[in-house]
Amino acid sequence: MKAFTLIYYIVPQDNDDVEIPNAFGIGKQIDQVTLKDIKSSFPLQGEYIFRFRYKTSHNTVWLDLPTDTSQIPLFNNRILIKATRISWDTQNNQIQQTQTQQQSNGTVQQQSQNQNINQQVLAQFQQQQQNQQQAYQQQQSQNQNLIDF
Numbered sequence: 001m002k003a004f005t006l007i008y009y010i011v012p013q014d015n016d017d018v019e020i021p022n023a024f025g026i027g028k029q030i031d032q033v034t035l036k037d038i039k040s041s042f043p044l045q046g047e048y049i050f051r052f053r054y055k056t057s058h059n060t061v062w063l064d065l066p067t068d069t070s071q072i073p074l075f076n077n078r079i080l081i082k083a084t085r086i087s088w089d090t091q092n093n094q095i096q097q098t099q100t101q102q103q104s105n106g107t108v109q110q111q112s113q114n115q116n117i118n119q120q121v122l123a124q125f126q127q128q129q130q131n132q133q134q135a136y137q138q139q140q141s142q143n144q145n146l147i148d149f
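As structure tokens, then:
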């Protein structure tokens with residue numbers, strides 16, 4: 001099974017709620033994800049400042065990372081980003097053109113990897129839905145037993 005990590009994020013300008021974050025996937029193990037990976041895989045266009053939720057011994061903070069090769073800190077065993085939008089456009093057109101070329105020159109293998117990642121995300125979501133449904137049914141059964149008692 002290939003490595004896969006869900007990256008959770010909020011965009012404050014879009015009134016996102018930290019308790020209900022958005023998500024995207026990266027085909028790496030969680031301890032191998034770097035800031036560069038986040039920047040290159042982030043699903044929204046534009047220029048962003050990425051801050052990472054981190055819990056110290058006394059506080060929960062939003063941490064800025066010094067370099068693109070920095071390893072991402074975890075918060076409750078997951079990556080949680082606050083992506084502050086600077087601009088809807090990418091200032092450096094060269095970066096945007098490079099990304100566009102990479103996307104248009106995507107190989108069948110990359111498309112296959114993306115499809116596998118999407119299937120993994122869907123499977124995780126379906127499993128969570130099934131677990132929630134089972135918990136709900138158990139609660140309903142317990143409630144019915146109390147009523148019958």
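Here the sequence shown is numbered in UniProt numbering, starting from 1 and rising by one per residue.
Just so you know, even glycine gets a beta-carbon here, dropped at the ideal spot from N, CA and C.
Since the structure is predicted, the reported quantities are computational estimates derived from the model, not experimental observations.
Taking all protein chains shown into account, decide if residue i is buried (16 or more other Cβ within 10 angstroms of its Cβ) or exposed.
{"i": "P12", "result": "exposed"}
{"i": "residue 165", "result": "Outside the displayed span of the chain (1 to 149) sits residue 165, for which this structure offers no information."}
{"i": "V33", "result": "buried"}
{"i": "Q139", "result": "exposed"}
{"i": "L35", "result": "buried"}
{"i": "K82", "result": "buried"}
Taking 7 angstroms as the threshold (beta carbon to beta carbon), is residue i in contact with chain B?
{"i": "L35", "result": "Here chain B cannot be found, since the structure has a single protein chain."}
What are the residues that DSSP puts in a beta bridge with residue i?
{"i": "G25", "result": "L6"}
{"i": "L80", "result": "Y8"}
Checking 7 angstroms against the spacing of the C-beta atoms, do residue i and residue j come in under that value?
{"i": "R53", "j": "F75", "result": "yes"}
{"i": "T84", "j": "I30", "result": "no"}
{"i": "I10", "j": "D16", "result": "yes"}
{"i": "I26", "j": "D37", "result": "yes"}
{"i": "A3", "j": "K28", "result": "yes"}
{"i": "L80", "j": "P73", "result": "no"}
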